[in-house]
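Heads up, the sequence shown is in this note's numbering, so the first residue is 8 and it goes up one at a time. From the three backbone atoms N, C-alpha and C, an ideal C-beta is built for every residue, glycine too.
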Amino acid sequence: MSDCKYTLTDIGINLTDSAFDPDREQVISDALNAGVHRLLITGTTAAESEEAVRMCQQFGENIFCTAGIHPHYSKEFSPAARQTLADLFQAPEVLAVGEAGLDFNRNFSTPEQQVYAFEQQLELASEVNLPLFLHERDAHDKQVEMLRHFRDYTAGGVAHCFTGSREELYNYLDLDLYIGITGWICDERRGVELLALLKDIPSERLLIETDAPYLLPRDIKPKPKSRRNLPRYLPHILEKIAQARNIDPTELAQQVEENGERLFRFNQIGQ
């Protein structure tokens, strides 16, 4: 993979994760050298969202973030946490509400706690007119039900790290959501179904992300010594998608950049 073949945005990187503590600045530098000129840091708790904003301010131009409470941490949602998020949404670096949604797979928070926290964040999104950065696992029907209820009041959003079925894909598309694709498609064990679905995603609804440090693409050669995923691997994901869709990767890069700008309005900051 040669450097700077494309100009890309990683719309999902967990840069506050401790896996990046030793070399966070180098990770950003390596991403820039690979043509990943813009990062959207994922907020997963009130405290992590505050940290994400600090990182945006520390590392400067073209580093943005979301602010929200991941369903795993829904039990932490409180009036104080809601106020923290409301305050963070006033920061110009915060471009989306989330990572928010439902995860009935592990239930680190009860389904009731998750539904409450998600509803609160949907209300916040409608108040501040920011798009949603969505997580969902084993809770599709309930999540879609809640999204439909708020559809006319929110500024759209992205189904982050989508790994679902064709039916689930079309449910999200019917809600005018964007679809975030990760290195999951590079996994020959579990990504085959999603790889086949890539042609079903309208070009104007596709976004790409690493979800680093998670989901290292398994087919990178030579295989990285570390299992830690990095934003500099985003061009590899782009090329895998382009191959599956039978289009030129440079054309795809331009399209996903346009899509990211349309949803998150990166270039409108400060205007």
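Query raised in the report: In or out: T52 buried (at least 16 other Cβ within 10 Å) or exposed?
Result: Your numbering for residue 52 matches position 45 in the sequence shown. That one is buried.
Requested in this report: Over the uninterrupted alpha helix (DSSP H) stretch that includes D94, give me the two end residues.
Outcome: The residue given as residue 94 occupies position 87 in the sequence shown. Note, D94: alpha helix (DSSP H), 86 to 95.
Query raised in the report: Hey, is the region 16 to 34 in contact with the region 42 to 57, meaning 3+ C-beta pairs nearer than 8 Å?
Result: yes
Query raised in the report: Between the C-alpha atoms of S9 and A41, what's the straight-line distance to the nearest angstrom?
Result: Locating residue 9 in the sequence shown gives position 2, where the first residue counts as 1. Locating residue 41 in the sequence shown gives position 34, where the first residue counts as 1. Because the pLDDT at S9 is just 44, under 50, the model does not fix this residue reliably, and the value given afterwards should be weighed accordingly. Distance between the alpha carbons of S9 and A41: 7 Å.
Query raised in the report: Between L241, T73, F96, which lies nearest to L39 when the distance is taken from Cα to Cα?
Result: As a working mapping, residue 39 is identified with position 32 in the sequence shown. Out of L241, T73, F96, L241 has the C-alpha closest to the C-alpha of L39.
**Report entry** Residue(s) in a DSSP beta bridge with V104
**Finding:** For the purposes of this step, residue 104 is identified with residue 97 of the sequence shown, where counting begins at 1. Answer by DSSP bridge pairing, in chain order: A74, L139.
Query - Segments of 4+ residues assigned as alpha helix (DSSP H) that fall wholly inside the region 23 to 70 - result: 31 to 40, 53 to 66
Query raised in the report: Does the region 258 to 269 come within contact of the region 203 to 222, defined as at least 3 CB pairs closer than 8 Å?
Result: yes
Report task. Just the C-alpha distance for C72 and V60, rounded to the nearest angstrom, thanks. Result -> Against the sequence shown, residue 72 aligns to sequence position 65. Against the sequence shown, residue 60 aligns to sequence position 53. Straight-line Cα distance between these residues: approximately 7 Å.
Report task. Can you give me the Cβ contacts of Q278 inside the same chain, cut-off strictly under 7 Å, excluding the 5 residues immediately before and after it? Result -> In the sequence shown, counting from the first residue as 1, residue 278 sits at position 271. Model confidence at Q278 stands at a pLDDT of 43, short of 50, so the residue's coordinates are unreliable; what they give is reported in the following sentence. Within the same chain, and ignoring the five residues on either side of Q278 in sequence, no residue has its Cβ closer than 7 Å to its Cβ.
Query raised in the report: How about C193 and I227: are their beta carbons less than 9 Å apart?
Result: Counting from 1 along the sequence shown, the entry for residue 193 is found at position 186. Counting from 1 along the sequence shown, the entry for residue 227 is found at position 220. Yes, they are a contact pair.
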